[in-house]
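Have a look at the structure below before the remarks.
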Amino acid sequence: MTSIPLMPALPEIWLAAAGMALLMIGVFRGDKHTRSLSWLSVLVLLVAVFLVINGASGRTVAFGGQFVTDAFAIFVKVLVLLGSAVSIVLALDYIEREDMGRFEYPVLIVLATLGMLVMVSANDLITLYLGLELQSLALYVVAAFQRDRIRSTEAGLKYFVLGALSSGMLLYGCSLIYGSTGATGFEAIAQAVADNEGAASIGLVFGIVFLAAGLAFKVSAVPFHMWTPDVYEGAPTPVTALFAIAPKAAAIALFVRVMIGPFGELVIDWRPILIAISIGSMGLGAVAAINQTNIKRLLAYSSIGNMGYALVGLAAGTESGIRGVLIYMAIYLVMTAGSFAVVLSMRQGGKMVEGISDLAGLSKTHPAMALAFAIFLFSLAGIPPLAGFFGKLYVFLAAVEAGLYPLAVIGVLASVVGAYYYLRIIKIMYFDEAKEPLDKDAIGRSIGTVQAVSAILILLFFVWPSPVLTSAAMAARALFPA
Amino acid sequence: MVIQALSFSLFALVAVASGVMVITARNPVHSVLFLILAFFNAAGLFVLMGAEFLAMILVIVYVGAVAVLFLFVVMMLDINFARMRQGLLRYVPIGAAIGLILMAELVLIITSWIGAPDGAQTRPMPPISEMSNTEALGRILYTDYVYLFQASGMVLLVAMVGAIVLTLRQRGGVRRQTIGTQVARTKAESVEVVKVRTGSGV
Chain U
42 MTSIPLMPAL PEIWLAAAGM ALLMIGVFRG DKHTRSLSWL SVLVLLVAVF LVINGASGRT
102 VAFGGQFVTD AFAIFVKVLV LLGSAVSIVL ALDYIEREDM GRFEYPVLIV LATLGMLVMV
162 SANDLITLYL GLELQSLALY VVAAFQRDRI RSTEAGLKYF VLGALSSGML LYGCSLIYGS
222 TGATGFEAIA QAVADNEGAA SIGLVFGIVF LAAGLAFKVS AVPFHMWTPD VYEGAPTPVT
282 ALFAIAPKAA AIALFVRVMI GPFGELVIDW RPILIAISIG SMGLGAVAAI NQTNIKRLLA
342 YSSIGNMGYA LVGLAAGTES GIRGVLIYMA IYLVMTAGSF AVVLSMRQGG KMVEGISDLA
402 GLSKTHPAMA LAFAIFLFSL AGIPPLAGFF GKLYVFLAAV EAGLYPLAVI GVLASVVGAY
462 YYLRIIKIMY FDEAKEPLDK DAIGRSIGTV QAVSAILILL FFVWPSPVLT SAAMAARALF
522 PA
Chain R
-14 MVIQALSFSL FALVAVASGV MVITARNPVH SVLFLILAFF NAAGLFVLMG AEFLAMILVI
46 VYVGAVAVLF LFVVMMLDIN FARMRQGLLR YVPIGAAIGL ILMAELVLII TSWIGAPDGA
106 QTRPMPPISE MSNTEALGRI LYTDYVYLFQ ASGMVLLVAM VGAIVLTLRQ RGGVRRQTIG
166 TQVARTKAES VEVVKVRTGS GV
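As you go down the protein sequences, you meet chains U and R in turn. All you need for the numbering used here is the position in the first sequence, starting with 1, plus 41. Numbering follows the numbering used here, in which position 10 of the second sequence is assigned residue number -5; successive positions increment by one, without gaps.
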């Protein structure tokens, strides 16, 4: 009998077991205990963070090569787990108020997070697919969680149908890759590519194209972004916050691992695809957001644009590029969490509002929240010395180092155009007169904490950036064995 | 050999023909029945390849569960299929274009494809004389692929939880069986002896 080492996958096993335990608790205690179950779920995710950090730091392959954990996986897993935990905290008050206080909500988020961890640790096409499906399936359900509201169910259905289509493309790509290399494991595929002296057969190239299309859908990059504004607008706001935070990090990490790992030698073949995707995303994110009147739609376009900037680093395909992607994602997560904490505090007369014009006069009625939102928006626009500037700086530097000057120039131009709509919101908050002020008591204690902590992190990132920079550098190095 | 080749042609032909019928049949119930026929023939093809376990699973799961579920859905839901097809013509050009592009890609791939020298023939691993399909699958499913197996289990759990979350509703005014109360009833509170006079009723 040979034994199967389980320790490398301890965080995943913990999340799976704890998720099922939470489900049992929920079933027996009922919906009245949703709040305590939510806090328990946050605790479960934090324990998982602890397990991830204390796990093996070197590259460990387990389960016959289907699973890998390395510095890269650890970095992204910590981001994903913290992002999920924050999005559960953000949802605490909302789900009770808006008739979605059912205990399955935190449980489904824990299970979705499990899927994200599986994605991040994927070292095999089958693991990749299963992780992606586990994550997506749970997210489809939470998108439709307000099952009696037509907007929420429409968002869930739209996400489900388009997600199934993208999974189909991804699987088609996987089968083409398997057909041309005879392997599903990433190392074996890399070996097959190397044996072919870096020349890809047509089947392999098509496989990569389809795989990239499926992954681009999951990160909502142009031209597979169509679902994003509708789903973001229709889904309940805390669910939108979740969509914008954790799954984005996991999907970008998966994208990076697939492209750099098995297809690292084919960078010349896939680079044009990524350049096109990232230019399209940056451009659309900058231009299409200008006319939006709904803050959630605006943040959807903003997230499309942000994915474009992150993919600039991947298009560079170098170690510094990947480091840029990781730094960008870490900062993006904090900015997005903060922005959604503000959106979740927008209430008039006890009802949620989502119009950008509803923010008018916020600086007088809620000076602290207006200041925090202004910090997030300046950071999203990339104004130094806020954190968002550094995120963009590192990806553009990597693009310049890799000789992709046009990409870097277009990126800078897009971020200038994009700055317009971020600044417009700040103008509305600070210089427009309020028609009907937002509720005073709308900010709960937990949401207020998220706003404050994110604002401080963004504001003071430049004082002590080294923890993020060094761990991102270590994580990027793990993908490029010398 | 001849019988094998003949039965392959038969199964393959019927499978393709019934596949075409699935999408062209006017009556949706007929479509589902043709789908079942296609599944049966695919199972036949699996048997020819020596994959008897997959053949059985195909029949049990797809015919026994999935197709029957389809039948239920088609028969129970009042879907006006004629109206659903009204917009079909509008989408034919774009659908055909995408189909053509995919077709061209497939042709490109197949024409450039070089098969591995030892992969030319299908053969079960390990040979069927040593171990049955079921045993061979079971041996790797819980060892080499235990991670993926468990992950699939989690996917199914999420699907189940999701289906319940989105559809289960606690309705008021529903009479439910409470076995405890039923069992605790005594003769005194549930039986009443009445003397009925003839012709007057209770």
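Where a beta carbon is used, it is the ideal one built from N, C-alpha and C, also for glycine.
- Sixteen is the threshold: since fewer than 16 other Cβ atoms of the shown chains lie within 10 Å of the Cβ of R/Q71, the residue is exposed.
- Of the candidates U/K405, U/L385, U/T406 and U/S404, the residue whose Cα lies closest to the Cα of U/G396 is U/L385.
- At least one beta carbon of chain R lies nearer than 8 Å to the beta carbon of U/T168.
- The beta carbon of R/L74 sits closer than 7 Å to none of the beta carbons in its chain outside the five residues before and after it.
- In this structure, U/A513 lies near U/R364, with their beta-carbon atoms less than 8 Å apart.
- Under the DSSP definition of a beta bridge, U/Q389 partners with U/K392.
- The Cβ of R/I8 sits no closer than 8 Å to any Cβ of chain U.
- Relative to the Cα of U/L175, the nearest Cα in the group U/L78, U/K259 and U/R190 belongs to U/K259.
- U/V102: member of the beta strand (DSSP E) spanning T101 to A103, first to last residue.
- Per DSSP, the beta-bridge partners of U/D165 are U/G226.
- In the DSSP secondary-structure assignment, U/T110 is bridged to U/T101.
- Within chain R, no residue has its beta carbon less than 9 Å from that of U/R100; the closest one is some 17 Å off.
- Listed by position along chain R, the residues whose Cβ is nearer than 8 Å to that of U/L175 are A136, M139, V140 and V143.
- Distance from the CA atom of U/I424 to the CA atom of U/D482, rounded to whole angstroms, is 31 Å.
- The shortest C-alpha to C-alpha distance from U/G321 to any of U/I150, U/Y461 and U/A455 is the one to U/A455.
- In this structure U/A233 is in contact with U/G223, their Cβ atoms being roughly 7 Å apart against a cut-off of 8 Å.
- Residue pairing by DSSP puts U/N335 in a beta bridge opposite U/G396.
- Contact residues of the segment 82 to 103 of chain R toward chain U are E90, L93, I94, S97, W98 and A101 (C-beta to C-beta distance below 7 Å).
- Sixteen is the threshold: when 16 or more other Cβ atoms of the shown chains lie within 10 Å of the Cβ of U/D165, as they do, the residue is buried.
- A Cβ of chain R is located within less than 8 Å of the beta carbon of U/R188.
- Interface annotation, R/L151: in contact with chain U, CB-CB separation under 8 Å.
- Contact check for U/I318 against U/V250 fails: the beta carbons are separated by 8 Å or more.
- Chain U places a beta carbon closer than 8 Å to that of R/Y132, counting this residue as a contact.
- Taken in chain order, the whole beta strand (DSSP E) runs of length 3 or more contained in the segment 465 to 505 of chain U number zero.
- Annotation: R/L133 to U/G105 spans about 11 Å, alpha carbon to alpha carbon.
- Straight-line measurement puts the Cα of U/I316 at about 39 Å from the Cα of U/R188.
- Interface flag for U/E139 against chain R is unset, since no Cβ pair is found closer than 8 Å.
- Interface criterion not met: the Cβ of R/D63 is under 8 Å from no Cβ in chain U.
- Distance from the CA of U/A443 to the CA of U/T359, rounded to the nearest whole angstrom, comes to 7 Å.
- Contacts with chain R (Cβ-Cβ distance below 8 Å) from the segment 215 to 246 of chain U involve L217, G220, S221, G223, S242, I243 and G244, listed in chain order.
- Against U/I45, the close residues of chain R are T128 and V131, in the order they occur along the chain (beta-carbon pairs closer than 8 Å).
- If one requires a minimum length of 3 residues, no beta strand (DSSP E) run lies completely within the segment 140 to 167 of chain R.
- Along the segment 78 to 106 of chain U, going in chain order, the ones with a CB nearer than 9 Å to a CB of chain R are A103, F104 and G105.
- The criterion of a C-beta distance shorter than 8 Å is not satisfied by U/A327 and U/G452.
- Around the beta-carbon of U/W268, 16 or more other beta-carbon atoms lie within 10 Å, marking it buried.
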